[in-house]
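Add 28 to the 1-based position in the sequence shown for my numbering, that's all there is to it.
Read through the structure below, which is laid out as structure tokens, and then see the notes.
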Amino acid sequence: MKDPLREVLKRQNTERTFKIPLQSHFFKDNSIDLEYFNLSFSSRVFLFIITFILASILFTMAMFNLLTAFIRPAAFALPYALSNILFFLDFGFIFGFKSYLKNVFNAKRRPYAVSFIVTTLMTIYLAFRGTNYIFSLCAAIAQIICFVMLVVSVLPGGTKGMSSMVNLLIKK
Numbered sequence: 029m030k031d032p033l034r035e036v037l038k039r040q041n042t043e044r045t046f047k048i049p050l051q052s053h054f055f056k057d058n059s060i061d062l063e064y065f066n067l068s069f070s071s072r073v074f075l076f077i078i079t080f081i082l083a084s085i086l087f088t089m090a091m092f093n094l095l096t097a098f099i100r101p102a103a104f105a106l107p108y109a110l111s112n113i114l115f116f117l118d119f120g121f122i123f124g125f126k127s128y129l130k131n132v133f134n135a136k137r138r139p140y141a142v143s144f145i146v147t148t149l150m151t152i153y154l155a156f157r158g159t160n161y162i163f164s165l166c167a168a169i170a171q172i173i174c175f176v177m178l179v180v181s182v183l184p185g186g187t188k189g190m191s192s193m194v195n196l197l198i199k200k
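In structure tokens form, the structure reads like this:
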């Protein structure tokens, strides 16, 4: 004996040209993971290592062009700026981007982080534009100063922590 319900269901499946997904969580909010972007720990460590290596290569290229920075500032400024961006974003893979950026942009460090990002973007823009030598050189120098200020603000204890570390190293 044929089951009439099975016959109807078979017929409906063959006559339809489209399918409506019947999922229990169809209307559920699909949020995006802004912390780790759904990456496993091993893939985050891999990306950290890759970006660190790329940043180190670019930084080395910039240091080789340091002597020619006063002749051709773009040859130094562009790899240095790109290495700083990679170093800046590098730790987001380990700590999670959301918490890392909250830490970097907290009220105490926000002026240093914003000035670093603005001078880095300005350095990249002027290096690509390449028309004004003095502006490129000034932007690269400003970027170096802002990078040092950002690093000092991130150190535990700030300038006091840095001076105590220097004193500790000098005494040995």
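Here a beta-carbon is modelled for each residue, glycine too, at the ideal position from N, C-alpha and C.
Please state if the CB of residue j and the CB of residue i are separated by a distance shorter than 9 Å.
| i | j | result |
| --- | --- | --- |
| F123 | F87 | no |
| T148 | I173 | no |
| S201 | L154 | The chain is shown only over 29 to 200; residue 201 falls outside these bounds and no answer can be derived. |
| F156 | F65 | no |
| S111 | I145 | no |
| L106 | I162 | no |
| F69 | A90 | no |
What does the Cβ neighbour count give for residue i, buried or exposed, with the cut at 16 atoms within 10 Å?
| i | result |
| --- | --- |
| G120 | buried |
| P184 | exposed |
| M150 | buried |
| P32 | exposed |
| L178 | buried |
| P139 | exposed |
| F175 | buried |
| A141 | buried |
| I78 | exposed |
| F74 | exposed |
| F92 | exposed |
| A168 | buried |
| L194 | Looking at the sequence itself, residue 194 is Val, so the reference to Leu does not match. V194 should be labelled exposed. |
| A135 | exposed |
Looking at the unbroken alpha helix (DSSP H) that takes in residue i, where does it start and where does it end?
| i | result |
| --- | --- |
| F156 | 138-157 |
| F133 | First-last for F133: undefined, no H or E at that position. |
| S70 | 69-92 |
| L165 | 161-182 |
My parser needs the alpha helix (DSSP H) runs of 4 or more residues fully inside the segment 98-131; what are they? Assignment of alpha helix (DSSP H) within the segment 98-131, counting only whole runs of 4 or more residues, yields 101-123 in chain order.
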